[in-house]
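The sequence shown runs contiguously to residue 716 in the working numbering. So the structure is just underneath, and the comments pick up after that.
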Amino acid sequence: MDRSTLENQTDKLLILVVDDEPSLRHVAEESLLRGGFSVMTAPDAEQALVLFRTLSPDLVLLDICLPGMDGLELCRLLRSEPRNREVPILIMTGTGDLESIDRSYEAGATDFANKPISWPLLLHRLRYLIRTTGLSRELQENQERLVAAERIAGLGWWEWHLTGNRFQVSELARELFGLDQVAFDGSRRSLLSWVYPEDMPKVQTCLAQVLDQGGSVELDHRLKEHCSSVVHHRLTAIVDETGVVTRVFGIILDISARKVAEERIKYLAFYDDLTGLPNRHYFIRQLEMALELARRWQKSLAVLLLGLNNFKKINDTLGHSVGDRLLAECAERFTLQLRKSDQLGLQGETPSRFNGDEFVVLLGEIREAQDALRVARRLTAAMDAPFVVDGQSIVLSVSIGISVFPENGENTELLLQNSDAARNYAKGHATSHIQFYTQSMNEDSRRALALESRMRQALVNQEFVLYYQPKIDLVDGSISGAEALLRWIDPVEGFIMPGDFIPVAERSGLIVPLGDWVLVEACRQSMAWQAAGLPPLKVSVNVSGRQFPEENFVSRVGEIIEQSGIDPRFLDIELTESVLMQDVEKRIENLHDLKKQGVTLSIDDFGTAYSSLNYLVRFPIDYLKVDRSFLVDIPVNRGNVTISSSIIGLAKNLGLKVVAEGVENVDQLAFLQAQGCEECQGFLFSRPLPLVEMTALLQGGQARLPWRHFFPGT
Ligand code: C2E
Ligand code: MG
Ligand code: MG
Numbered sequence: 003m004d005r006s007t008l009e010n011q012t013d014k015l016l017i018l019v020v021d022d023e024p025s026l027r028h029v030a031e032e033s034l035l036r037g038g039f040s041v042m043t044a045p046d047a048e049q050a051l052v053l054f055r056t057l058s059p060d061l062v063l064l065d066i067c068l069p070g071m072d073g074l075e076l077c078r079l080l081r082s083e084p085r086n087r088e089v090p091i092l093i094m095t096g097t098g099d100l101e102s103i104d105r106s107y108e109a110g111a112t113d114f115a116n117k118p119i120s121w122p123l124l125l126h127r128l129r130y131l132i133r134t135t136g137l138s139r140e141l142q143e144n145q146e147r148l149v150a151a152e153r154i155a156g157l158g159w160w161e162w163h164l165t166g167n168r169f170q171v172s173e174l175a176r177e178l179f180g181l182d183q184v185a186f187d188g189s190r191r192s193l194l195s196w197v198y199p200e201d202m203p204k205v206q207t208c209l210a211q212v213l214d215q216g217g218s219v220e221l222d223h224r225l226k227e228h229c230s231s232v233v234h235h236r237l238t239a240i241v242d243e244t245g246v247v248t249r250v251f252g253i254i255l256d257i258s259a260r261k262v263a264e265e266r267i268k269y270l271a272f273y274d275d276l277t278g279l280p281n282r283h284y285f286i287r288q289l290e291m292a293l294e295l296a297r298r299w300q301k302s303l304a305v306l307l308l309g310l311n312n313f314k315k316i317n318d319t320l321g322h323s324v325g326d327r328l329l330a331e332c333a334e335r336f337t338l339q340l341r342k343s344d345q346l347g348l349q350g351e352t353p354s355r356f357n358g359d360e361f362v363v364l365l366g367e368i369r370e371a372q373d374a375l376r377v378a379r380r381l382t383a384a385m386d387a388p389f390v391v392d393g394q395s396i397v398l399s400v401s402i403g404i405s406v407f408p409e410n411g412e413n414t415e416l417l418l419q420n421s422d423a424a425r426n427y428a429k430g431h432a433t434s435h436i437q438f439y440t441q442s443m444n445e446d447s448r449r450a451l452a453l454e455s456r457m458r459q460a461l462v463n464q465e466f467v468l469y470y471q472p473k474i475d476l477v478d479g480s481i482s483g484a485e486a487l488l489r490w491i492d493p494v495e496g497f498i499m500p501g502d503f504i505p506v507a508e509r510s511g512l513i514v515p516l517g518d519w520v521l522v523e524a525c526r527q528s529m530a531w532q533a534a535g536l537p538p539l540k541v542s543v544n545v546s547g548r549q550f551p552e553e554n555f556v557s558r559v560g561e562i563i564e565q566s567g568i569d570p571r572f573l574d575i576e577l578t579e580s581v582l583m584q585d586v587e588k589r590i591e592n593l594h595d596l597k598k599q600g601v602t603l604s605i606d607d608f609g610t611a612y613s614s615l616n617y618l619v620r621f622p623i624d625y626l627k628v629d630r631s632f633l634v635d636i637p638v639n640r641g642n643v644t645i646s647s648s649i650i651g652l653a654k655n656l657g658l659k660v661v662a663e664g665v666e667n668v669d670q671l672a673f674l675q676a677q678g679c680e681e682c683q684g685f686l687f688s689r690p691l692p693l694v695e696m697t698a699l700l701q702g703g704q705a706r707l708p709w710r711h712f713f714p715g716t
């Protein structure tokens, strides 16, 4: 029979009686059964052990004298097993045998009973014994649960008894927080000796407060032993019935993990994970605070909004992980530039990451707008060196828009909005550019936006047309080609010149589909002229800086050549220097690819932008188009005479042909002919012509050219 079957029969408590005397076992069994217990009996220690281990009795009644192993030995053996420590063991001894009583207790007995046993009395004692054992077991279990809970919660406590000036610390508090009871020398300072020294004053203040006013106070502070951990500390004064504080009780909770999480949340809320820079929210806060100060002290401040040019393309072509690394390096470069500027005495310079490829810098105090310009220049210079990612060199440029308080805006919103407007202006340039905000910008950007949407519509409505300006062979005056020039005929506004819409188209990206249309149309027209029986004519097409670097530009040109059927030798692509000087190595590669399509290449407006001779040699180009500004007032303007003749000489040395633009008078013509310039275009010969007129001019043939009298010998 095991314990569970016994219990199933009855809820009664089970008593194991161990005695070698059968009569005693018999009496015991009867008395105990009558007393409401269940009973098992054993005549010796061996059998008792078997029963004990299988049935786990609630109490053992054990005779001291047993054959073999005696009662005391059995008692000791039972007690040696930890799970049996709580079971009450009552040892039956001879009356007045004090020595046995002593030895019984030493062996771990809970109590003793004198023989002969008075069973009615013993029943009472047994019930009492079992109850107290139950209570103490419950207490013990509760305590264990409490300690486990404290450990899980990271909770410790201390108590200071004012009466007697005793200090007590929980086991866990010592273990977790390094609190040491021994160090308590009775002083209040030593009471809190475990507090981080810097935080001690505030904890002392709280202690003084609860001593003085009673109640509880809570605070967070660090610990001396583990200064990186933070605890939440609640001090409570316990008062007696007269209101006098008798004890102070402290509970400490380890909140380090929570603090770390809070810090992380705070970090993520105010910092950008990728670059480690403050983020937009942080920046706006800083700007608001700086504005407060600037208003109070009547100072100026500046907001510099930085946008990386063409960054989207980098992400698209090289992937986001390269993009991310570039952003992080930009952040580093900008930060370095700003640190140095502390020497300028500019306060509050903070680079922040604003949006994807945008950064923003706050110059918290500037004396004049020039201060902002100086910083902006350093920031653009920081982009000069190419970035190297995975062994490839990448050139980035930055557009910076600057707005200044109070001139360009009184509040955060306006300053940001206006620096953004300025930045948009700066973006129109091929290289890094800095732009201060001006009042007209908002008006301009509104107009630009309206123009942009009208332009989109115009493209659909086919409101764009091409005009053609003949290029003249300077030897015989024949038409050597024609430049296709874009015109917009708006049904309401009429004629719109490229200077008025191309910059907007470039900024918005609309130039890409528009430029594509120009290429298609120019090639189509060239073939239409041939179909009408005219000899093949070289057409020049202007290609924007925005369009040329497009990934599929070269293949698109190939496609257009194929679809139109044009002989590529009769297609000339005009590019400006500034387009080529950005990311030069890549551009040289693009030019070579383009050349492979069989087209010729021209550098347009030559001399107006910076270009290095070094590179010029490496560009696979065919023509240099001298900008018309160098022909102004020739031959009177000696400077222009020198420049033009140098450019022509240079081109000849490089084996390039020269086309002079903007020839308006015969003096210029004579000069160019004398210099050996090959071709020219200009109002002296013809303005850009609408299709019908250009066709008529071509059909008229050489003999009917209006300018034939300039070439009398031919
Ligand atoms: P560009 O490529 O340098 O074109 C020459 C410009 O000079 C044309 O202005 C032409 O009308 C003007 N011009 C020609 N001869 C003379 C002259 O003797 N005197 C003066 N004062 N001007 C002369 P237009 O047509 O207004 O075009 C201006 C610019 O717009 C072009 O300069 C070119 O950069 C751009 N553009 C025109 N069509 C397109 C196009 O289809 N695509 C792109 N991307 N840009 C274009
Ligand atoms: Mg041109
Ligand atoms: Mg030009």
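Glycine included, C-beta positions come from ideal geometry on N, C-alpha and C.
Here DSSP, grouped into helix, strand and coil, assigns LYS117 to strand.
Collapsing the DSSP output to three states places GLU143 in a helix.
Shortest gap from the CB of ASN544 to any heavy atom of ligand 2: under 7 Å. Residue environment analysis places SER106 among the buried positions, since at least 16 neighbouring C-beta atoms fall within 10 angstroms of its C-beta. Of the other Cβ atoms in all chains shown, 16 or more fall within 10 Å of the Cβ of ILE436; this residue is therefore buried. Per DSSP, GLU367 lies in no alpha helix (DSSP H); the unbroken beta strand (DSSP E) holding it starts and ends at 360-368. When the alpha-carbon of PRO551 is set against those of ALA330, ASN592 and ILE396, the nearest one is in ASN592.
When Cβ pairs closer than 8 Å are counted between the two stretches, the segment 248-257 is seen to touch the segment 153-170, the count reaching three or more. Taking each of LEU365, ARG448, VAL377 and ASN444 in turn and checking the Cα distance to PHE407, the smallest one comes out for LEU365.
Residue pairing of ARG168 in beta bridges, as defined by DSSP: HIS163. Between the C-alpha atoms of GLU294 and GLN300 there is a straight-line separation of about 10 Å.
When the Cα atoms are used, ALA698 and ASP359 turn out to be separated by approximately 52 Å.
In this structure PHE497 is exposed. Its beta-carbon is surrounded by fewer than 16 other beta-carbon atoms within 10 angstroms. When the five nearest sequence neighbours on each side are left out, the beta carbons in the same chain lying within less than 8 Å of the beta carbon of ILE563 are those of CYS525, PRO570, LEU573, GLN599, GLY600 and VAL601, in order along the chain. Judged by DSSP in its simplified three-state form, TYR273 adopts strand. For GLU561, the enclosing alpha helix (DSSP H) begins and ends at 555-566. Exclusion of GLU695 from the 7 Å shell around ligand 2 follows from its C-beta lying no nearer than that to any non-hydrogen atom of the ligand. Annotation: HIS235 is outside any alpha helix (DSSP H); the continuous beta strand (DSSP E) that includes it extends over 232-241. When only Cα atoms are considered, PRO622 and LEU652 end up about 15 Å apart. ARG153 and GLY180 have their alpha carbons spaced roughly 14 Å apart. For the segment 466-529, the full-length beta strand (DSSP E) segments reaching 3 residues or more read 466-475, 481-492 and 496-498 along the chain.
The C-alpha of TRP531 is placed about 8 Å away from the C-alpha of PRO537. One alpha carbon belongs to GLY411, the other to ARG335, and they sit about 29 Å apart.
Per DSSP, HIS594 has no beta-bridge partner at all. For GLU294, the enclosing alpha helix (DSSP H) has its first and last residue at 282-299. Non-local C-beta neighbours of GLY216 in its own chain, meaning closer than 6 Å and more than five positions away in sequence, comprise ALA239 and VAL241, ordered along the chain. DSSP, read as helix, strand or coil, puts TYR625 in strand.
In this structure, DSSP gives ALA611 a state outside helix and strand, which the three-state scheme calls coil.
By the Cβ rule, the segment 656-666 counts as touching the segment 617-636, because three or more pairs are nearer than 8 Å. Residue burial is scored here from C-beta neighbours: LYS473 has at least 16 other C-beta atoms within 10 angstroms and is therefore classed as buried. Inter-residue distance for ARG287 and VAL391 is about 34 Å (C-alpha atoms, whole angstroms). Inclusion of LEU61 and MET42 in the CB contact set at 8 Å is not warranted, their separation being larger than that value. Distances between the C-beta of LYS473 and the heavy atoms of ligand 3 are all 7 Å or more. Distance from LEU303 to ALA296 at the Cβ level is roughly 5 Å; contact confirmed, criterion being Cβ atoms closer than 8 Å. Nearest neighbour of ARG327 by Cα position, chosen from ARG36, GLU666 and PHE313, turns out to be PHE313. In the three-state reduction of the DSSP assignment, ASP326 falls in the helix class, which pools H, G and I.
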